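First up is the structure itself, then whatever we jot down about it.
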Amino acid sequence: MIELLNPTDLPRARETGALVAEILQTLKGRSTVGTNLQEIDRWAQAMILEAGAQSCYVDYEPSFGRGPFGHYICTSVNDAVLHGLPYDYTLADGDLLSLDLAVSKAGVVADSAISFVVGDSAPAESVALIDATERALRAGIAAAGPGARVGDLSHAIGSVLSEAGYSINTQFGGHGVGSTMHQDPHVSNTGKPGRGYKLRSGLLLALEPWVMADTAELVTDADGWTLRSATGCRTAHSEHTIAITDDGAEILTLPKQTHG
Numbered sequence: 001m002i003e004l005l006n007p008t009d010l011p012r013a014r015e016t017g018a019l020v021a022e023i024l025q026t027l028k029g030r031s032t033v034g035t036n037l038q039e040i041d042r043w044a045q046a047m048i049l050e051a052g053a054q055s056c057y058v059d060y061e062p063s064f065g066r067g068p069f070g071h072y073i074c075t076s077v078n079d080a081v082l083h084g085l086p087y088d089y090t091l092a093d094g095d096l097l098s099l100d101l102a103v104s105k106a107g108v109v110a111d112s113a114i115s116f117v118v119g120d121s122a123p124a125e126s127v128a129l130i131d132a133t134e135r136a137l138r139a140g141i142a143a144a145g146p147g148a149r150v151g152d153l154s155h156a157i158g159s160v161l162s163e164a165g166y167s168i169n170t171q172f173g174g175h176g177v178g179s180t181m182h183q184d185p186h187v188s189n190t191g192k193p194g195r196g197y198k199l200r201s202g203l204l205l206a207l208e209p210w211v212m213a214d215t216a217e218l219v220t221d222a223d224g225w226t227l228r229s230a231t232g233c234r235t236a237h238s239e240h241t242i243a244i245t246d247d248g249a250e251i252l253t254l255p256k257q258t259h260g
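Counting from 1, position 142 in the sequence shown corresponds to residue 142 in the UniProt record's numbering; the numbering is continuous, with no gaps.
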């Protein structure tokens with residue numbers, strides 16, 4: 001299913017996107033050495049409920065997971081890259097943490113992810129991984145607009161990741177959002193320009209470049225959810241929800257302090 005919002009629905013989408021951005025930035029600030037992943041999940045729960053919103057994850061039960069997910073946020077550490085199930089783990093200096101959050105408010109979903117290094121240590125490999133996903137995300141957004149094809153976005157994302165030296169896994173990628181978290185069209189993290197669905201005003205897309213340092217192969221944890229690099233290498237994941245408008249693409253999950 002592909003949903004298109006009416007122009008009058010855009011303010012609600014902006015509200016949800018702003019909430020997701022605020023929660024992620026708050027959690028980033030609180031995620032210090034000694035923080036437990038389960039604490040992060042409880043903080044996310046409190047902020048979501050206080051805002052009168054709903055988690056998209058608690059009851060999430062797709063075919064590829066061992067559901068329901070049962071938590072409010074995905075917390076992926078080091079070699080974990082996607083769908084990280086919060087568990088009893090205390091963050092250490094130099095850990096690479098990815099937080100992925102999808103929330104529904106007023107009938108509209110927004111989905112975003114950030115990766116960052118915890119503490120004072122900043123391994124060069126981790127910094128490079130994060131930088132590549134953030135640059136790829138910016139490239140994908142720059143390629144978006146009415147009349148563009150999904151393949152244009154995939155090609156822009158994939159070009160940045162490939163040029164940075166990373167292999168690209170195509171099992172999981174970006175997707176449409178709207179009244180539900182996962183909708184068509186699928187947006188692969190690599191592809192050919194000029195191919196696929198033509199973007200239209202009113203479409204919401206969650207673009208999410210992610211990479212692993214030296215492999216494109218995933219393995220699944222015993223928890224049935226957490227996806228890790230097959231080699232144990234580090235990983236990173238960046239994601240924004242954007243709205244296609246008559247003028248181009250508007251980032252809905254951009255933190256307030258980066259507006260200007």
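Glycine included, C-beta positions come from ideal geometry on N, C-alpha and C. Keep in mind it's a predicted model, so treat the numbers as computed, not measured.
Residue i vs residue j beta-carbon contact at 8 Å
i      : j      : result
SER238 : GLU134 : yes
ILE242 : LEU207 : yes
ASP184 : ILE2   : yes
LEU129 : VAL211 : yes
PRO123 : GLY94  : yes
ALA46  : LYS105 : no
LYS198 : GLY151 : no
GLY178 : ALA110 : no
GLY202 : ILE251 : no
ALA13  : VAL108 : yes
ASN36  : TYR89  : yes
Whole-angstrom C-beta distance between residue j and residue i, which should lie under 8 Å
i      : j      : result
ILE157 : ALA132 : No, ILE157 and ALA132 are not in contact; Cβ-Cβ is about 10 Å, not under 8 Å.
THR75  : PRO86  : 5 Å
GLY176 : LEU205 : 6 Å
PRO193 : LEU161 : Not a contact, Cβ separation roughly 15 Å.
LEU27  : LEU99  : 6 Å
VAL187 : VAL103 : Not quite, the Cβ-Cβ distance comes to about 20 Å (not below 8 Å), so this is no contact.
ILE23  : LEU101 : 6 Å
THR235 : ALA92  : That pair is no contact at about 16 Å.
LEU96  : SER126 : 5 Å
ASN189 : THR215 : Not quite, the Cβ-Cβ distance comes to about 15 Å (not below 8 Å), so this is no contact.
Reduced DSSP category for residue i - H, G, I as helix; E, B as strand; rest coil
i      : result
LYS192 : coil
GLN171 : coil
ALA213 : coil
HIS83  : coil
GLY260 : Residue placement at GLY260 is poorly supported in this model, since its pLDDT is 34, which falls under 50; the coordinates are not used for a value here.
SER104 : strand
LEU37  : helix
LEU137 : helix
ALA156 : helix
ASP93  : coil
VAL58  : coil
VAL109 : strand
Cβ-based burial, residue i [other Cβ within 10 Å; buried from 16]
i      : result
ARG195 : exposed
ARG200 : exposed
LEU4   : exposed
ASN78  : buried
ASN6   : exposed
GLY232 : exposed
ARG66  : exposed
ALA142 : exposed
GLY174 : buried
ARG149 : buried
GLY224 : exposed
ASP59  : exposed
ASP9   : buried
GLY260 : At GLY260 the pLDDT is 34, less than 50, meaning the model places this residue with poor confidence; the figure from the coordinates comes in the next sentence. The residue is exposed, with fewer than 16 neighbouring Cβ atoms inside 10 Å.
Cβ-heavy atom distance, residue i to the ligand GDP, below 7 Å
i      : result
LYS198 : Of the ligands one can find in the structure shown there are none, so the ligand GDP has no counterpart to examine.
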